[in-house]
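Numbering (mature numbering (1 follows the signal peptide of the UniProt record, and there is no 0)), first residue to last: -18 to -1, 1 to 845. Every residue, glycine too, gets a C-beta built ideally from N, C-alpha and C. Owing to the predicted nature of the structure, the values given are computational and were not obtained by experimental measurement.
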């Protein structure tokens, strides 16, 4: 019974205390003038967390380096009844704040630099950097370096570095730049140059760090051999795209690719906080991220206290900051414990504190930025049309630009695109043995990654490292696209070779002659004529229809598939006709099948089709890039054809080598077909898709090779880059990129539009010869008809002169009968072996024509 009563009392007391827990919690905020984004992030975070209890801020803008002002503001907020204070401090005010917090038991949550203090009421959101910095220095095996620091940040990091240096015999030169002017920077770096000190640690906040990097660029201390480590947690907060040439290593606290930061950043960019017009919403600094997480820490802590029904009310003189002696706030220890017990995934990763109020179990991302060697080459790297409106990497577009971004995303490094000064891929000078181009940039330390159409070759592999190929290709031939051949007048003859046409003509004549002979020899082709009624039927003359002309006519009709009014009667004649019909069937079918293709396809006659064609002629010049793998391929090749081509190229005058691919392309276009350019097939295919669409690739590839991403020999980036390339290949990203930049953006139609044969509609020029033959045939027929008429008229005129004094009626009858063919078998042989004669009246057949001078008078009765 006693246990039940005790439980009831405890539950009743808890209910009373829970009912008294405030719904609104007053919190303080101390922000410096120059940190508008942090102030905006503070308000943004408060607007995101609306569950009770609600946090109500009391914000003051103060000079955090002024101890008096900070003391007054701190005490003013405490006297107003705030339960916790969020704010910033500097080296001059940190001791004052920690002292007040310890004496009054007021929790101070800060994103400022960590301090070594045992005061548990100071909650430090920023992780410690000392151990990570020392690990990086040890990783690079630095034995001598310069440590540039800002005294306002405190000396805890420097002290740890100096202690480690004493243990490991490092030579460290510490330089305080708190009051350094522009002239002081110049003298500082000149002194470092004299001492050959090119390994530098810079320990400053982002604002001062940007100024230092600007001086480094201005003084050109970012060249070969310089390496800077930035002892700062906001590597991505700094504008490093302008920091050319040197190695820069830094630390990044916020990983914006994680799910939680990505969601918060999306809300951050669309919030409607009043400070929006004064801050940069697209680049959230790490101190602003810490501010957001600081608000989240307070929200979770007070919600935990509310759930536990812990009384945190202010009593007595707990609000008197300057009481003597100081009266600590009794509930302050409960708030401090609740704050230290908070744990969540925030913008800055895992947020968790140890018993001293310092971050623990956090993750720092180490980022190394190096120059990427880039050579401008369409479509790999191109300046955007409005490049002047952008800065850094945003000025470029192309296959390699997107590939570099994908590689960086998978590997996890920041990068800057740098155009190679000499515009070459890289070749070794045969005399000096020095490398130029992109390979030289890697060999001599001016770049750390080369993302470009850089061919993997043996000589290059000896001095640099390559990734797995991201694109396969081979050497190909580019020529100016030949003009489309105009169809000839008799292009309808093209489906069959001229030899076949000649054979057809001879076959036609031969078949006609054989048919004529067979018809003459075979008795079954001879037959007796049927006479008209009233004619003499006692004659036994026989006729044969297949004379030479009828045989020719039969063969022509069969060939034209039109038939004829006569057909062979004998077996031998029918055999001749049958084989001729079979022959014409096959020939006509083959001709018809090819005719459509030949008449609807525009053909381009290419002067060369392969490397062998180039090697065996001298009319068309050919060459390669002056410094590149294609030239090396021909120089080292032991194949006879390629050796012959190399002998020609190296001795040709004027030189056939070009400095850039663009120069080679222009030379091809202006040479009117007298220059061929040898280059990688991928570039050849791309140029073929560019206006004015007047180049083409001919023949197959001369070899097989690949493009790879290059790194210096022994670089630690080779492994991660290699894995990234393989992953992109398996995911199909590489194929999508090529399709996008080669064919989707093509200007000459589909990828097959550059083929040598292109289907088109028939034009008059394709079939003009047919019309010419038709017109010629009609004209010939008219001419033959006229000749026949004239010939016949002349013959009749001569014959009629042999008769005279013929009655008009008899003459008319004779003319009529002369113009009509007779079927009589008498007379001479005609076309088909029949005798053709003309019958005249009997009264006229025996009368000769007498002239008046003959002296023989005729009487009327004599007729």
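Exclusion of the five residues before and after residue 42 leaves 10, 11, 12, 13, 55, 58 and 59 as the residues of its chain whose Cβ lies within less than 8 Å of its Cβ. In the displayed model, residue 190 falls within a helix according to three-state DSSP.
Within the same chain, no Cβ atom closer than 7 Å to the Cβ of residue 503 is found once the five residues on either side in sequence are excluded. Sixteen is the threshold: when 16 or more other Cβ atoms of the shown chains lie within 10 Å of the Cβ of residue 671, as they do, the residue is buried.
Per the coordinates, the alpha-carbon of residue 350 lies some 23 Å from the alpha-carbon of residue 343. The C-beta distance from residue 138 to residue 109 rounds to 13 Å, too long to meet the 8 Å contact threshold.
In this structure, residue 537 lies away from residue 577, with their beta-carbon atoms at least 9 Å apart. Collapsing the DSSP output to three states places residue 169 in a helix. Apart from the 5 residues on each side of it in sequence, residue 286 sits with its Cβ closer than 6 Å to the Cβ of 320 in its chain, given in chain order.
Residue range 397 to 401 is occupied by the beta strand (DSSP E) that includes residue 400. Distance from the CA of residue 6 to the CA of residue 326, rounded to the nearest whole angstrom, comes to 23 Å. In the structure shown, residue 39 falls within a strand segment according to DSSP collapsed to helix, strand and coil. In the DSSP annotation of this structure, residue 154 is not part of any alpha helix (DSSP H); the continuous beta strand (DSSP E) holding it starts and ends at 153 to 158.
The alpha-carbon of residue 372 is positioned some 34 Å away from that of residue 650. Ranked by Cα distance from residue 241, the first of 435, 220, 328 and 117 is 328. Between residue 596 and residue 643, the gap from beta carbon to beta carbon reaches 9 Å or more. Our two residues, residue 395 and residue 454, have alpha carbons roughly 26 Å apart in a direct line. Counting along the chain, residue 6 sits inside the beta strand (DSSP E) bounded by residues 6 to 13. Here DSSP, grouped into helix, strand and coil, assigns residue 348 to strand. For the pair residue 99 and residue 86, the Cα-to-Cα distance works out to about 16 Å. Judged by DSSP in its simplified three-state form, residue 460 adopts strand. Relative to residue 361, the option among 266, 588, 669 and 492 whose CA is nearest is 669.
The closest CA to that of residue 131, considering only 158, 143, 461 and 489, is found on 158. Sixteen is the threshold: since fewer than 16 other Cβ atoms of the shown chains lie within 10 Å of the Cβ of residue 561, the residue is exposed. Counting C-beta pairs with one atom in each stretch, the region 139 to 146 and the region 187 to 199 have fewer than three that are closer than 8 Å, which means they do not touch. Excluding sequence positions up to five before and after residue 646, its CB lies within less than 6 Å of the CB of 640 and 659, all in the same chain and listed in chain order. Secondary structure at residue 95: coil, using DSSP grouped into helix, strand and coil. Taking the C-beta atoms as reference points, residue 449 is found nearer than 9 Å to residue 703.
In this structure, the straight-line span from the alpha carbon of residue 208 to that of residue 282 is close to 46 Å. Sorting 217, 313 and 290 by C-alpha distance to the C-alpha of residue 269 places 217 at the top.
Using a 10 angstroms sphere on the CB of residue 488, the tally of other CB atoms stays under 16, which defines it as exposed. Taking 9 Å as the cut-off, the beta carbon of residue 546 is found closer than this to the beta carbon of residue 539. A Cβ-Cβ contact shorter than 9 Å links residue 330 with residue 235. With contacts defined as CB atoms closer than 9 Å, residue 691 and residue 472 fail to qualify as a contacting pair. At least 9 Å separates the beta-carbon of residue 567 from that of residue 506. Per the C-alpha coordinates, the member of 271, 709, 482 and 710 positioned closest to residue 565 is 482.
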